[in-house]
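K.L.:
For the sequence shown, the numbering used here gives the first residue as 437, with consecutive numbering after it. Here a beta-carbon is modelled for each residue, glycine too, at the ideal position from N, C-alpha and C. Please find one structure pasted underneath; my questions will follow.
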Amino acid sequence: MKENRNMEFNAVPADAKLPTKYGDFRIRSYVDPIDGSEHAAIYYGDMNNQTPPLVRVHSECLTGDALGSLRCDCGPQLQHALKTIQREGRGIVLYLRQEGRGIGLFAKMQAYNLQDRGLDTLDANLALNLPADGRNYKIAAHMLSDIGYDSIRLMTNNPDKVEQLVEHGVNVVERVEHKAGLCSENREYLRTKAARMRHILPI
Ligand SMILES: [Zn+2]
């Protein structure tokens, strides 16, 4: 693993132990020099092993990750990633602070309100003049490069995420299916993502 010496990106490395109920991880923080947003890489195992590691690129979801919301599958997806990495013995979760597919918490609640009135997750964003998916993975590519990897095995059901990472110079050598979190509350949400946003439904 490289020392975090990229001064342009992050002046002071911040890297610490992170014992979790899933195992003894480490966490390294990053600050995006463009917008000041803070992100984290949560990693497990030997980062000097140059075999492409298992990686999950997870975008923050306050309601799903922290509050146990069943409107989406984010919480179980995050937990499944940490468990899978621990079981495999090595891997990285990139936790990106781009709430609500990049539209932010306030707009996400506006979109939820429209969904409560019958719109699906895509039309709700479009009705608010917001992008269907405003996430950007440039920082993810940078974080991987900083840790020392340009080739990864990506846990995702989202082909767009694979393509965006490839565009940013990440070599995705394998897409690993990521099945977790389907329930009756989020079935329509996931069906919309499969039917209209190219996701491969995790069932
Ligand atoms: Zn979510």
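Is T487 buried or exposed, if buried means 16 or more other CB atoms sit within 10 Å of its CB?
P.N.:
Counting from 1 along the sequence shown, the entry for residue 487 is found at position 51. T487 should be labelled exposed.
K.L.:
For L541, I'd like the list of residues in its chain whose CB is within less than 7 angstroms of its CB, leaving aside the five on either flank, ordered along the chain.
P.N.:
Along the sequence shown, one-based indexing puts residue 541 at 105. L498 and E535, listed in sequence order.
K.L.:
Just to confirm, does T456 get its C-beta within under 7 angstroms of one of the non-hydrogen atoms of ligand 1?
P.N.:
Locating residue 456 in the sequence shown gives position 20, where the first residue counts as 1. No - ligand 1 has no heavy atom lying nearer than 7 angstroms to the Cβ of T456.
K.L.:
Nearer than 7 angstroms: is that true of the beta carbon of C510 relative to any heavy atom of ligand 1?
P.N.:
Here residue 510 is taken as the residue at index 74 of the sequence shown, counted from 1. Correct: C510 has its Cβ closer than 7 angstroms to ligand 1.
K.L.:
At which residue ranges does the segment 580-629 contain complete alpha helix (DSSP H) runs of 4 or more residues, listed in the order of the chain?
P.N.:
Listed in chain order, the complete alpha helix (DSSP H) runs (minimum 4 residues) inside the segment 580-629 are 595-603.
K.L.:
If you follow the beta strand (DSSP E) that A452 is part of, which residue opens it and which one closes it?
P.N.:
As a first step, residue 452 is located in the sequence shown; it is residue number 16 there, counting from the start. Per DSSP, A452 belongs to the beta strand (DSSP E) from A450 to T456.
K.L.:
Using alpha carbons as the reference points, say which of R526, S495 and Q551 lies closest to N594.
P.N.:
As a position in the sequence shown, residue 594 is number 158, starting the count at 1. Considering only alpha carbons, the answer is S495.
K.L.:
Rounded to whole angstroms, what is the Cα-Cα separation between S620 and M545?
P.N.:
As a working note, residue 620 is residue 184 in the sequence shown. As a working note, residue 545 is residue 109 in the sequence shown. About 21 angstroms.
K.L.:
Quick one: does the C-beta of C497 sit closer than 7 angstroms to a heavy atom of ligand 1?
P.N.:
Position 61 of the sequence shown, counted from the first residue, corresponds to residue 497. Because some heavy atom of ligand 1 lies under 7 angstroms away, the Cβ of C497 counts as near it: yes.
K.L.:
Helix, strand or coil, according to DSSP, for A477 in the structure here?
P.N.:
Residue numbering aside, residue 477 sits at position 41 when the sequence shown is read from its first letter. Looking at A477 - three-state DSSP - the assignment turns out to be strand.
K.L.:
How do the segment 509-525 and the segment 543-558 stand: do at least 3 beta-carbon pairs fall below 8 angstroms, yes or no?
P.N.:
No: fewer than three Cβ pairs fall under 8 angstroms.
K.L.:
Roughly how many angstroms separate the alpha carbons of K615 and N622, rounded to a whole number?
P.N.:
Working through the sequence shown from its first residue, we reach residue 615 at position 179. Working through the sequence shown from its first residue, we reach residue 622 at position 186. Computed Cα separation, rounded: 14 angstroms.
K.L.:
Can you have a look at P455 and say buried or exposed, based on whether 16 or more other CB atoms are within 10 angstroms of its CB?
P.N.:
If you number the sequence shown from 1, residue 455 lands on position 19. That one is exposed.
K.L.:
Using only the heavy atoms of ligand 1, determine whether one of them is closer than 7 angstroms to the beta carbon of G500.
P.N.:
Position 64 of the sequence shown holds residue 500. G500: yes, Cβ under 7 angstroms from ligand 1.
K.L.:
Kindly indicate which three-state DSSP category G472 falls into: helix, strand or coil?
P.N.:
Numbered from 1 along the sequence shown, position 36 holds the residue referred to as residue 472. DSSP places G472 in coil when its eight states are reduced to three.
K.L.:
Give the straight-line distance between the Cα atoms of M443 and L550, rounded to the nearest whole angstrom.
P.N.:
Residue numbering aside, residue 443 sits at position 7 when the sequence shown is read from its first letter. Residue numbering aside, residue 550 sits at position 114 when the sequence shown is read from its first letter. Low confidence applies to M443: its pLDDT is 40, below 50, so where it sits in the model is not reliable, and the reading given next is rough at best. Answer to the nearest angstrom: the Cα atoms are 43 angstroms apart.
K.L.:
Would you kindly work out how many angstroms separate the C-alpha atoms of L626 and S587, rounded to a whole number?
P.N.:
Within the sequence shown, the letter at position 190 stands for residue 626. Within the sequence shown, the letter at position 151 stands for residue 587. If I take the Cα positions, the gap works out to 28 angstroms.
K.L.:
Would you say the segment 460-478 touches the segment 562-579, given that touching needs at least three Cβ pairs under 8 angstroms?
P.N.:
The segment 460-478 vs the segment 562-579: in contact.
K.L.:
Can you give the beta carbon distance from G527 to L490, rounded, assuming they're within the 8 angstroms contact cut?
P.N.:
For the purposes of this step, residue 527 is taken as the residue at position 91 of the sequence shown. For the purposes of this step, residue 490 is taken as the residue at position 54 of the sequence shown. Yes, G527 and L490 are in contact; Cβ-Cβ is about 4 angstroms, under 8 angstroms.
K.L.:
Have a look at I539 and P567 and give me their C-alpha separation to the nearest angstrom.
P.N.:
Position 103 of the sequence shown, counted from the first residue, corresponds to residue 539. Position 131 of the sequence shown, counted from the first residue, corresponds to residue 567. Roughly 8 angstroms between the two C-alpha positions.
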